[in-house]
Amino acid sequence: QKGKTKELVDDLWGAAKYSPPGIISSSEVDSKRDSKQVLPYWDPTLTRFMLGREVHTSTVLLSGTGSGKTTKLKQQIKHDLEEGNPVGAILLEESPWDTMMDLVSLRIGKHVRKIHRQRKAMEVDPRIADPMFVDDLDDDEVEEHFGWVKTRPLHLWNPDEVPTHDAILSRMEYMSLGLGCKAIYLDHMSLMQFGGKSEIEGLDDFAVKFKSLVLRCPSHFTIISQLSQGDSKKSHEEGGKITTRHMRGSQR
190 QKGKTKELVD DLWGAAKYSP PGIISSSEVD SKRDSKQVLP YWDPTLTRFM
240 LGREVHTSTV LLSGTGSGKT TKLKQQIKHD LEEGNPVGAI LLEESPWDTM
290 MDLVSLRIGK HVRKIHRQRK AMEVDPRIAD PMFVDDLDDD EVEEHFGWVK
340 TRPLHLWNPD EVPTHDAILS RMEYMSLGLG CKAIYLDHMS LMQFGGKSEI
390 EGLDDFAVKF KSLVLRCPSH FTIISQLSQG DSKKSHEEGG KITTRHMRGS
440 QR
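Position one of the sequence shown corresponds to residue 190 (my numbering), numbered consecutively onward.
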């Protein structure tokens with residue numbers, strides 16, 4: 190504009206260098222920057238074959254219903270707590286009390302919740318007692334180990350209703366960045382709500398957002414997912430062949 194030549198020249202030559210976010214030069218990459226903390230599995234054999242659990246990565250457990258996915262997950266939680274690693278757990282099929290009591294069961298080698306249920310059933314009607322049932326549970330021992338679990342860095346979420354995938358992702362991020370959890374668990378993602386979207390669309394949206402979460406959070410994430418039946422005549426529990434198409438969200 191007339192009379193503003195100097196201002197125009199200054200603006201042109203003094204403008205800050207523009208670079209879109211996320212673009213970096215190879216000279217800026219440190220050779221040691223990719224070094225990540227690795228957590229062991231509860232089983233040394235798993236650690237050897239899987240090379241441990243690297244932070245900023247995730248593992249998905251897949252198998253048929255009732256094949257032990259949740260039990261193995263809790264064994265890993267127990268191991269993490271015994272190692273002193275802060276843990277975040279979102280277990281949608283049970284209450285925090287159930288989770289903690291199952292950790293007690295793993296520590297003492299007795300199914301505490303099952304024995305409690307059997308005791309209550311016998312109070313209702315002694316005639317229904319299982320002849321194979323052995324009540325060798327020491328209540329003082331249970332309280333001792335339950336107290337141990339209460340002192341561990343274990344953070345649980347107890348939602349009032351089935352949560353959306355966005356709500357789950359936000360809690361997982363808080364557990365990692367806010368509470369410092371090195372290992373975070375979700376059981377299981379098939380129970381999430383997707384805000385009116387179909388399951389495939391919802392899982393696709395979850396996968397994209399989950400990948401971003403994993404990359405920015407210094408934690409290892411373990412997720413349980415159920416398998417879809419697909420067109421197999423045999424269920425997976427009966428030996429039906431498992432393929433990639435049976436993974437939830439991979440039907441496209």
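Here a beta-carbon is modelled for each residue, glycine too, at the ideal position from N, C-alpha and C.
All figures in this text were calculated on a predicted structure; none of them were measured in a lab.
Just checking my contact of residue i with residue j at CB under 8 Å: how many whole Å lie between their CB atoms?
i	j	result
F416	S252	The identity of residue 416 in the sequence shown is Leu, whereas the question assumes Phe. That belief holds up - the Cβ atoms of L416 and S252 are roughly 7 Å apart, short of 8 Å.
M378	I412	5 Å
G241	L228	6 Å
S334	V276	The residue asked about is misnamed: residue 334 is His in this sequence, not Ser. That belief does not hold up - the Cβ atoms of H334 and V276 are roughly 16 Å apart, past 8 Å.
In this structure, how does DSSP classify residue i when only helix, strand and coil are distinguished?
i	result
T411	strand
G369	coil
D393	helix
H334	helix
L292	helix
L326	coil
H300	coil
D287	helix
A318	coil
V351	coil
Excluding the 5 residues preceding and the 5 following residue i in the sequence, name in chain order all residues of the same chain whose CB lies nearer than 8 Å to its CB.
i	result
R308	D324
Report yes or no: is there a C-beta of chain D within less than 9 Å of the C-beta of residue i?
i	result
V403	Structure shown: chain D not included; a single protein chain is present.
Please go through the same chain and pick out, in chain order, the residues whose beta-carbon is closer than 6 Å to the beta-carbon of residue i, but skip the five residues on each side of it.
i	result
M361	I373
Would you list, in sequence order, the uninterrupted alpha helix (DSSP H) runs of no fewer than 4 residues that lie entirely inside the region 192–272? 194–203, 233–239, 258–271
When the Cβ atoms of the region 257–274 are set against those of the region 344–355, are three or more pairs found closer than 8 Å? no
Inter-stretch contact (C-beta, 8 Å, three-pair minimum) for the region 321–340 and the region 298–305: yes
For the region 232–239 against the region 395–409, are there 3 or more C-beta pairs whose distance is under 8 Å? no
Report yes or no: do the region 354–362 and the region 258–267 share at least 3 C-beta pairs separated by less than 8 Å? no
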